[in-house]
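To keep things clear, I will list the structure first and then write my remarks on it.
Residue numbers (my numbering), protein chains in the order written: chain X, 365 to 477; chain R, 119 to 232.
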């Protein structure tokens, strides 16, 4: 079955420290990959996406993710986090033949001062 | 501004009652989706629709029903057959075409069964 695994349910980190949120997906011939962010009691907002081309993609607020086909991973990183980055982050995959996205269970990023 | 409107934001229901959640979009998107969110389980697909008057079951469709009579609207009914309906419900939409399917989400509706 197609699945997305986010290995960490919670990641506490101090402000200005680097962070990595991990995402692995079940193998498929081709996939599109996404990271969404959710603030409390709100919907999901697209953070960044990998469709094709360069395996390293970036968001406007300093996050980046790298598509690694051999490891079937799409980990999210930020070199220096801010208090405002506190939120839940979801990795999602679009598998061939299925138009709806398959989501991971989410990682709650808690940035502490 | 274009977007997706979900209503109501909060809803309380007694056991045995049906309830309908509204989802309206003015993005001119073809496809619409309903997801259910529970703590620690991420988002699970309930139903989706790629075109008016057509829809498909997702992974957890039992106890739910939908309709798609207009392109802009995709209401979800939570029936009394849904055993554990308390959850946060998210509606999304996207263009339907070749290539990647980028979803835009509404703000969600939180349903609590008393």
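All C-beta atoms in this analysis are idealised placements derived from N, C-alpha and C, irrespective of residue type, glycine included. Since the model is a prediction, treat every value here as computed from it, not as a measurement.
Buried versus exposed, by CB contacts within 10 Å (16 or more), residue i
i, result
"residue 471 of chain X", "buried"
"residue 374 of chain X", "exposed"
"residue 128 of chain R", "exposed"
"residue 187 of chain R", "exposed"
"residue 219 of chain R", "buried"
"residue 166 of chain R", "buried"
"residue 227 of chain R", "buried"
"residue 476 of chain X", "exposed"
"residue 124 of chain R", "buried"
"residue 452 of chain X", "buried"
CB contact flag (residue i, residue j, <9 Å)
i, j, result
"residue 431 of chain X", "residue 419 of chain X", "yes"
"residue 406 of chain X", "residue 385 of chain X", "no"
"residue 122 of chain R", "residue 206 of chain R", "no"
"residue 163 of chain R", "residue 460 of chain X", "no"
"residue 456 of chain X", "residue 378 of chain X", "no"
"residue 151 of chain R", "residue 120 of chain R", "no"
"residue 214 of chain R", "residue 200 of chain R", "no"
"residue 454 of chain X", "residue 408 of chain X", "yes"
"residue 458 of chain X", "residue 396 of chain X", "yes"
"residue 217 of chain R", "residue 415 of chain X", "yes"
Closest residue to residue i among the options (Cα-Cα distance)
i, options, result
"residue 212 of chain R", "R:196, R:173, R:143, R:130", "R:143"
"residue 198 of chain R", "R:134, R:122, R:124", "R:134"
"residue 174 of chain R", "X:378, X:410, X:463, X:453", "X:463"
"residue 161 of chain R", "X:398, X:439, X:468, X:474", "X:468"
"residue 140 of chain R", "R:180, R:230, R:225", "R:225"
"residue 136 of chain R", "R:193, R:169, R:189, R:215", "R:193"
"residue 441 of chain X", "X:366, X:423, X:433, X:393", "X:423"
"residue 426 of chain X", "X:438, X:476, X:411", "X:411"
"residue 169 of chain R", "R:184, R:138, R:204", "R:184"
"residue 204 of chain R", "R:126, R:155, R:191", "R:155"
"residue 400 of chain X", "X:428, X:417, X:394", "X:428"
"residue 434 of chain X", "X:393, X:413, X:447, X:474", "X:393"
"residue 210 of chain R", "R:191, R:217, R:157", "R:191"
"residue 138 of chain R", "R:126, R:145, R:132, R:178", "R:126"
"residue 145 of chain R", "R:196, R:202, R:189, R:195", "R:189"
"residue 445 of chain X", "X:474, X:391, X:387", "X:474"
Short CB-CB distance (under 9 Å) between residue i and chain B
i, result
"residue 464 of chain X", "Looking for chain B here will not work: the only protein chains present are X and R."
Presumed contact (8 Å Cβ cut-off) between residue i and residue j, rounded CB distance
i, j, result
"residue 376 of chain X", "residue 443 of chain X", "Incorrect: roughly 17 Å between the Cβ atoms, too far for contact."
"residue 389 of chain X", "residue 421 of chain X", "Not confirmed; about 15 Å, so no contact."
"residue 221 of chain R", "residue 130 of chain R", "With a Cβ gap of about 28 Å, residue 221 of chain R and residue 130 of chain R do not count as contacting."
"residue 229 of chain R", "residue 153 of chain R", "The Cβ separation is near 13 Å, so there is no contact."
*Would you list, in chain order, the members of the segment 372–385 of chain X that have their beta-carbon closer than 7 Å to a beta-carbon of chain R?*
Cβ contacts with chain R: 373.
*Mind checking the segment 214–230 of chain R against chain X and listing, in chain order, the residues whose C-beta falls within less than 9 Å of any C-beta there?*
If the cut-off is 9 Å between Cβ atoms, the segment 214–230 of chain R has 214, 217, 218, 219, 220, 221, 222, 223, 224, 225, 226, 228 near chain X.
_Taking beta-carbon pairs under 8 Å, can you tell me which members of the segment 402–418 of chain X lie near chain R?_
Listed in sequence order: 405, 406, 407, 408, 409, 410, 413, 415.
*Positions along the segment 120–138 of chain R whose CB lies within less than 7 Å of some CB in chain X*: Contact residues of the segment 120–138 of chain R toward chain X are absent (C-beta to C-beta distance below 7 Å).
*Which of the residues in the segment 434–456 of chain X, read from start to end, lie with their CB under 7 Å from any CB of chain R?*
When C-beta distances to chain R are compared with 7 Å, the residues of the segment 434–456 of chain X below that value are 454, in chain order.
*When you check each C-beta in the segment 418–429 of chain X against every C-beta of chain R, which residues fall closer than 8 Å?*
Hits within the stretch: zero.
*asked:* Under 9 Å, CB to CB, which of the residues in the segment 178–206 of chain R have a partner in chain X?
replied: Per Cβ criterion, the list reads 206.
*Pull out every residue of the segment 388–402 of chain X whose Cβ sits closer than 7 Å to any Cβ of chain R, in chain order.*
Legend: CB atoms of the segment 388–402 of chain X lying less than 7 Å from CB atoms of chain R belong to residues 396.
*Quick one: which residues of the segment 146–180 of chain R get their C-beta closer than 7 Å to a C-beta of chain X? List them in chain order.*
Within the segment 146–180 of chain R, those residues whose Cβ lies closer than 7 Å to any Cβ of chain X are, in chain order, 149, 151, 158, 159, 160, 161, 163, 166, 168, 176.
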